[in-house]
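K.L.:
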Amino acid sequence: MASSPPENEAEKAPEQPKNITFRFCRECSNMLYPRENPGENTLDFACRTCNFSEPASTSCVFRNELRNTVGETAGITQDVAQDPTLPRINKTCPACSEPEAVFFQSQQRTAETGMKLYYVCVACGNVWQ
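Position one of the sequence shown corresponds to residue 303 (the numbering used here), numbered consecutively onward.
Okay, structure coming up:
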């Protein structure tokens, strides 16, 4: 007779995958790229311009989600809030009330929609128009 799994295992929810984020150099603001550190056998993120590097918090550097729905904000990730090249504005986030956001124009223009301005909260990554 097979025994049932312990209650604490049955109650565990499946672990959600962590988001993969872009990382930027603290020294020169360029993008950091994944690189193997063969001496310590670890994964680092390194700048190709100034040789700055930092250890990776996870070993996942790419995820291909096949069943991801494409919406109006397709291509806009929460990471754009950390991009130092985007302009910033004092606009309150509707989700967390943070007073600062980055903004940019939509790249998915069609004849029917026209240009749209998107805001991304620097604190929580919420995207709104």
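Glycine included, C-beta positions come from ideal geometry on N, C-alpha and C.
Source: prediction; values computed, not measured.
Among Glu338, Ala383, Cys327 and Pro336, whose alpha-carbon lies nearest the alpha-carbon of Glu400?
P.N.:
It is Ala383 whose Cα lies nearest to the Cα of Glu400.
K.L.:
Given a threshold of 16 other Cβ atoms within 10 Å of its Cβ, counted over all protein chains shown, does Val437 qualify as buried or as exposed?
P.N.:
The question about residue 437 has no answer, for the chain in this structure spans 303 to 431.
K.L.:
Rounded to the nearest angstrom, what separates Phe406 and Val424 at their Cα positions?
P.N.:
13 Å
K.L.:
Let me make sure I understand the geometry here. Which of Pro396, Lys418, Asn353 and Glu338 has the alpha-carbon closest to that of Thr360?
P.N.:
Glu338
K.L.:
Taking the continuous beta strand (DSSP E) assigned at Val404, which residues delimit it?
P.N.:
Glu402 to Gln407
K.L.:
What's the gap between the Cα of Val422 and the Cα of Ser408?
P.N.:
12 Å
K.L.:
Cα-Cα, which of Arg390, Ala397, Lys418 and Leu419 is closest to Gly427?
P.N.:
Ala397
K.L.:
Helix or strand or just coil, what does DSSP make of Ala304?
P.N.:
In this prediction, Ala304 has a pLDDT of 49, which is less than 50 and means its spatial position is unreliable; what the coordinates show is noted afterwards. In the structure shown, Ala304 sits in coil (DSSP, three-state: anything other than H, G, I, E or B).
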